[in-house]
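In this note's numbering, the protein residues as written are 610 to 1070. Cβ coordinates follow ideal geometry from the N, Cα and C atoms, glycine included. From a predicted model like this one, the values you see are computed outputs, not experimental measurements.
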Amino acid sequence: MKSGPHPAVMSSLRITIGGVRGIVGETLTPGLIVRYSHALATWLEGGKVFVSRDTRRSGEMVLNCAATGLIAAGCQVVDLGICTTAALQLAVKHSDAAGGLAITAGHNIASWNALKSVRADGMFLNPAQAAELLDIYHQGEFLKAQWNGLRPLERDTEAGLRHLDAITEQLDVEAISRSGLRVAVDCANGACSAYAPRLLEMLGLETMAMNTEVELPFPHPPEPSRANLSQLRALVRAAGADVGFAFDADGDRLGLVCHDGEAPGEEMTICLATDMILSRGDAGPVITNLSTTQAVGDIARRHGREVIRTPIGQAHIAEAAANHAAAVAGEGSGGVVFPRINYAQDSLACMGHLLESMARGEKTLAQLVAAVPVYHMVKEVVKCPTERAFSVLESLRRQGRPSGTEYEDLQDGIKYGTGDRWVHIRVSMTEPIIRVIAEARRRETAEDLVRFYVSEIRRRM
């Protein structure tokens, strides 16, 4: 009797409201890619569709399969080539396109790839729209064009440059240029490889760029977390750069390195961007998710602004930013949304805004970081089958809000908080785990919160 797929292989395919993500050659197959893109074309009801990709070796194969599904439904497919997802979203927004498809697994390692769907206004599908798309995908009732309704693939190689122009329109280019800042960048051989150095050239700054060869593999995992910044930290110190920036594969996340080679961590990106935008006077609240540092809230209150928190995920952040006319939005992963440009997480725009903040304030990145309230965040995961995980969380919820806590938030899992501390427990949408995240002024307090709830989860499994 033939056995079914190995559980590890099954868990490496993720078909969710965020799109399709899997390991190429195992779970992300040509047939699946064609089927998903055909479903997207059906949901869009045809029309023009822009497609972009990052630099993964699998990108061209995935793009060709995706184009097949889109063209089969009668769509006019426009290939933007290698560019950031933010550039794709901007291109869709400022065109008559019905939507877009970003081919990128973002911060995931090179063996992964993914398809992310974009609607006509340049934003990712919201949960209700994504659910409609998944219904079409599973039902298999697709729009089919006749032979004489199939359109040839078109190409547009200028979307990335138009994106840079949109960024510079929002910046004080003269102030940045006068600063004479020396900037180091690590593009991880990803989609920002051509565009980060070009943007810095447009800003009139001296640049030291590494890992900008798009034909080569990622030199390290492309997530710009502190653990993956060793090359950039060494470059900043060796070259005497004033600041360093690191990008993920499709340019939505930004990592930071100070002039002394210290990396302040991913949570700092949204904190510094928030302070810069609110200092500039942009109207509106600040949008962030439930697991992002409360330092963002402290900064917003300093400027007299409200913070609105959403469930985890870029689509939730962008949708809330648009609905509430936010000044700025983002997550603790290093992704920041600048509504003046577009409702997309945009690392290139974030780099430009932080350089303007340094230039206008005549401060180093380390000095800007020093002004951010200090909290300590602790994270832990508990392995738990997904079908069991939700009942475990429901058991926790039924016991009620713990004494001494001031609030409870049930938008995405369970979050309890009081004063300067909080804990967030949620089921991962991509892995069979429960995530436990806590933050407090004292690391020991955060560690105690995590330890307590990990124990409670295990007791209920």
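Asked, Found
"Beta bridge counterpart(s) of G628 as assigned by DSSP", "T625"
"Beta strand (DSSP E) segment containing W1031, residue limits", "R1030 to V1036"
"Extent of the continuous beta strand (DSSP E) to which I1066 belongs", "That residue, I1066, is in no beta strand (DSSP E); its alpha helix (DSSP H) goes R1052 to R1069."
"Contact under 8 angstroms by Cβ, E965 with L780", "yes"
"Proximity winner among M1070, S900, V945 and L770, relative to R1030 (alpha-carbon distances)", "S900"
"Bounding residues of the alpha helix (DSSP H) (the contiguous stretch that carries Y746)", "P736 to Q748"
"Residues near A931 in its chain [Cβ-Cβ closer than 6 angstroms; skip 5 each side]", "Y952"
"Inter-residue spacing [alpha-carbon to alpha-carbon] between A714 and R862", "12 angstroms"
"C-beta contact flag for M1154 and L974 at 8 angstroms", "Within the shown structure, residues of the chain are numbered from 610 to 1070, placing residue 1154 beyond reach of any answer."
"Y1016, DSSP secondary structure in three states", "strand"
"Neighbourhood of C880 by C-beta distance below 8 angstroms, restricted to the same chain and skipping five residues each side", "T902, A904, V905, I908 and V981"
"Cβ neighbours of I776 in the same chain (closer than 8 angstroms, five flanking residues each side left out)", "L808, I950, D955, L957, A958 and G961"
"Runs of beta strand (DSSP E) wholly within the stretch 770-807 (minimum 3 residues, chain order)", "791-795"
"Inter-residue Cα distance where the pair is P948 and R1069", "43 angstroms"
"Outcome for H925 when other beta-carbon atoms lying within 10 angstroms are tallied against a minimum of 16", "buried"
"Per-residue DSSP class, three states only, for T878", "helix"
"For I626 and E1056, the rounded distance between their alpha carbons", "32 angstroms"
"Own chain partners of F659 with C-beta closer than 7 angstroms, once the 5 adjacent residues on each side are dropped", "V687, L689, L697, A700, V701, A706 and G709"
"Nearest-angstrom Cβ-Cβ length linking V991 and I1066, presumed shorter than 8 angstroms", "5 angstroms"
"Closest Cα partner of N820 within the set S839, L814 and G813", "S839"
"8 angstroms CB neighbourhood of L672 in its chain, flanking five on each side removed", "V660, R662, D688 and I712"
"Length at least 3, wholly inside the stretch 640-694: the beta strand (DSSP E) runs in chain order", "657-662 and 685-691"
"Residue span of the alpha helix (DSSP H) that contains I718, given as start and end", "Here I718 belongs to no alpha helix (DSSP H), and DSSP marks it neither H nor E."
"DSSP state of I886 mapped onto helix, strand, coil", "helix"
"Environment of P826 [buried if 16+ CB atoms lie within 10 Å]", "exposed"
"Cβ-Cβ separation, I1043 to V1036 (assumed contact under 8 angstroms), whole Å", "6 angstroms"
"Nearest-angstrom Cα separation, counted from S834 out to R666", "23 angstroms"
"Within 8 angstroms, strictly: CB atoms of A803 and G860", "no"
"Runs of alpha helix (DSSP H) lying entirely within the stretch 819-860, each at least 4 residues, in chain order", "839-848"
"When G749, S726 and Q748 are compared against Q738, the one with the closest alpha-carbon", "S726"
"Coarse secondary structure for A1049, derived from DSSP in three states", "strand"
"Unbroken stretches of the beta strand (DSSP E), 3 residues or longer, contained in the stretch 916-956", "916-919 and 937-939"
"Burial state of E1071, where buried means 16 or more other Cβ atoms lie within 10 Å", "In the structure as shown, the chain starts at 610 and stops at 1070, and residue 1071 therefore has no counterpart that could be examined."
"Selected residue, minimal CA-CA separation from L773, among L1058, E763 and C692", "C692"
"Buried or exposed by the 16-neighbour rule on C-beta atoms within 10 Å, applied to Y1016", "exposed"
"Where the beta strand (DSSP E) through G708 begins and ends", "G708 to I712"
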